[in-house]
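Please read the structure below before turning to the comments.
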C-alpha cells in the first residue's frame with residue numbers, strides 16, 4: 539500500500555520529460571540563439587552621450603582622460619623653421635685663388651708660408667727685378683730732363699721782348715716820317731718792319747717748341763710708369779684676404795708666366811649649399827637669416843649665423859626642389875671647409891606670430 543505514492547511521482551516526471559523530448563528541434567535552436575544574443579548585447583547608450591572610440595594600442599595603465607589637449611590659436615599659427623638633415627649641408631669655399639706668376643723669371647724671395655694669413659694686395663713672392671729697376675731709373679732721369687725742358691719758357695719771353703722792341707722802333711720811324719717827310723728812308727722802314735715780323739714769328743716758334751717739350755715730358759712720364767709696372771708685374775700679390783694653403787715655388791727656381799706660385803683661400807665667410815622645397819619660392823628667401831649648427835671637437839652643437847645670398851630660379855623637375863646658397867660668418871676661423879652640419883632657416887613671420895600674445 540505504501541508503494542503507490544512513488545509510482546505516482548514517477549508517472550508525473552516521466553510525462554513532463556516526454557513532453558520536452560517531443561519539442562521540435564527548430565524551436566530548441568531558436569531558443570539557444572536568443573540566449574546568445576542576449577549575452578553579447580551591448581548596454582544601451584543614453585541620449586546625448588557620444589561613445590568614445592576604442593583606444594587601440596593605449597597602455598591599459600593610462601587613464602582614458604589623458605588625451606592630447608587641443609592646440610591654442612597661437613600654437614596652430616606657428617610653423618616650425620625649416621631644419622634640413624646634416625647630410626645635405628656642406629661647408630664650401632666662396633673664394634679660392636691660385637696666384638700665378640705674371641712674367642717669366644727667377645724667384646728672388648717668397649714672403650709667405652703655408653698657414654699664414656694675408657690681406658688683399660699683400661706681396662706673396664718676388665721675381666728677380668734688377669733689370670727692371672735699372673730701366674725705371676733710366677726712364678726717371680729722362681723724364682726729369684724732359685720736364686725741365688717743358689718748363690723752360692726763356693725763348694718765349696726773349697722773343698716777346700724782342701718783338702716789343704722791334705715794334706717800338708718801327709712805330710718811331712713811322713712817326714718821324716709823319717712829322718717830316720722822308721725823315722726815315724723806305725729801306726729802313728722795311729728793315730724795321732721785317733725785324734718786328736721776325737721777332738713775332740720767333741716767339742710763336744718758341745711757344746711751339748715748349749708745347750713739344752711738354753708732350754715729350756708726358757711721353758717720358760709714361761715710360762716711367764711702364765718701367766714701374768714692369769717691376770710690379772714681378773711682384774706676386776694676393777688679390778684676396780685669406781690663408782696661404784700652398785706654396786709651389788721657392789727662391790732660386792725658374793717660373794713661367796701663368797704658373798701657380800701660391801694658393802690662397804678665403805675663410806672669413808664660407809658657403810653652405812642645400813635644397814628646399816619649391817613651395818618656399820614665395821617666401822623671398824634671399825636675405826633671410828640662417829643658423830648653421832655643427833659639432834666641433836671642443837664645442838658640440840656650435841651655432842654660427844649667416845644669411846641666404848642666392849636662390850636658384852630653376853626647379854628640379856624630379857623632386858621639385860630649388861638650390862639655395864647661404865654665407866656663414868667665420869670671422870673667428872672656427873669652421874673649416876668640408877664640415878657637415880645642420881642648417882635652419884629662420885622664418886621672420888613665424889617668429890612674429892610666436893611673439894604675439896594669445897587672445
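Residue numbers (this note's numbering): 539 to 897. Where is the CB? At the ideal position from N, CA and C, for every residue including glycine.
Going by alpha carbons, who is nearest to residue i out of the options?
i           : options               : result
residue 703 : 693, 819 and 737      : 737
residue 745 : 693, 726, 716 and 781 : 693
residue 711 : 677, 816, 700 and 730 : 730
residue 660 : 716, 779, 846 and 680 : 779
residue 796 : 789, 878 and 639      : 639
residue 856 : 815, 835 and 678      : 815
residue 817 : 720, 861 and 759      : 861
residue 529 : 726, 829 and 821      : Because the chain here runs from 539 to 897, residue 529 falls outside it and cannot be looked at.
residue 844 : 864, 821, 775 and 834 : 864
residue 827 : 810, 835, 838 and 833 : 810
residue 701 : 690, 689 and 743      : 743
residue 643 : 837, 771 and 821      : 771
Rounded to the nearest angstrom, what separates residue i and residue j at their Cα positions?
i           : j           : result
residue 646 : residue 753 : 37 angstroms
residue 825 : residue 840 : 22 angstroms
residue 773 : residue 854 : 46 angstroms
residue 741 : residue 696 : 8 angstroms
residue 713 : residue 724 : 13 angstroms
residue 842 : residue 674 : 51 angstroms
residue 874 : residue 629 : 7 angstroms
residue 878 : residue 870 : 18 angstroms
residue 808 : residue 650 : 23 angstroms
residue 831 : residue 637 : 33 angstroms
residue 734 : residue 762 : 42 angstroms
residue 749 : residue 648 : 46 angstroms
residue 667 : residue 687 : 31 angstroms
residue 665 : residue 766 : 14 angstroms
residue 759 : residue 681 : 6 angstroms
residue 658 : residue 634 : 13 angstroms
residue 751 : residue 709 : 35 angstroms
residue 764 : residue 677 : 9 angstroms
residue 747 : residue 653 : 59 angstroms
residue 867 : residue 847 : 13 angstroms
residue 632 : residue 791 : 31 angstroms
residue 577 : residue 858 : Its pLDDT being 45, under 50, residue 577 is placed unreliably by the model, and nothing is read from it.
residue 880 : residue 851 : 23 angstroms
residue 641 : residue 768 : 9 angstroms
residue 679 : residue 670 : 14 angstroms
residue 663 : residue 698 : 57 angstroms
residue 876 : residue 775 : 27 angstroms
residue 728 : residue 717 : 18 angstroms
residue 689 : residue 672 : 26 angstroms
residue 819 : residue 838 : 32 angstroms
Can you give me the Cβ contacts of residue i inside the same chain, cut-off strictly under 7 angstroms, excluding the 5 residues immediately before and after it?
i           : result
residue 732 : none
residue 705 : 734
Please go through the same chain and pick out, in chain order, the residues whose beta-carbon is closer than 6 angstroms to the beta-carbon of residue i, but skip the five residues on each side of it.
i           : result
residue 781 : 655, 803 and 805
residue 784 : 801
residue 908 : Outside the shown range of the chain (539 to 897) lies residue 908, about which nothing can therefore be said.
residue 872 : none
residue 721 : 714 and 715
residue 685 : 755
residue 834 : 840
Residues bridged to residue i by DSSP?
i           : result
residue 840 : 832
residue 845 : 827 and 865
residue 699 : Bridge partners of residue 699: none, in fact.
residue 808 : 631 and 866
residue 949 : Past the edges of the chain, shown from 539 to 897, lies residue 949, and the structure says nothing about it.
residue 785 : 800
residue 793 : 643
residue 815 : 859
residue 775 : 661
residue 853 : 860
Within 9 angstroms (strictly less), CB to CB, does residue i reach chain B?
i           : result
residue 775 : Here chain B cannot be found, since the structure has a single protein chain.
In its own chain, which residues sit with a C-beta less than 8 angstroms from the C-beta of residue i, not counting the 5 before and 5 after it?
i           : result
residue 683 : 758
residue 789 : 645, 646, 647 and 648
residue 823 : 814, 846, 849, 862 and 883
residue 940 : Since the first residue shown for the chain is 539 and the last is 897, residue 940 is missing from the structure and cannot be characterised.
Item to check | Length-filtered (3 minimum) beta strand (DSSP E) runs lying within the region 613–685 | outcome: 628–631, 634–638, 643–648 and 661–665
Item to check | Within the region 690–767, ranges of the alpha helix (DSSP H) (whole runs, at least 4 residues) | outcome: 692–717
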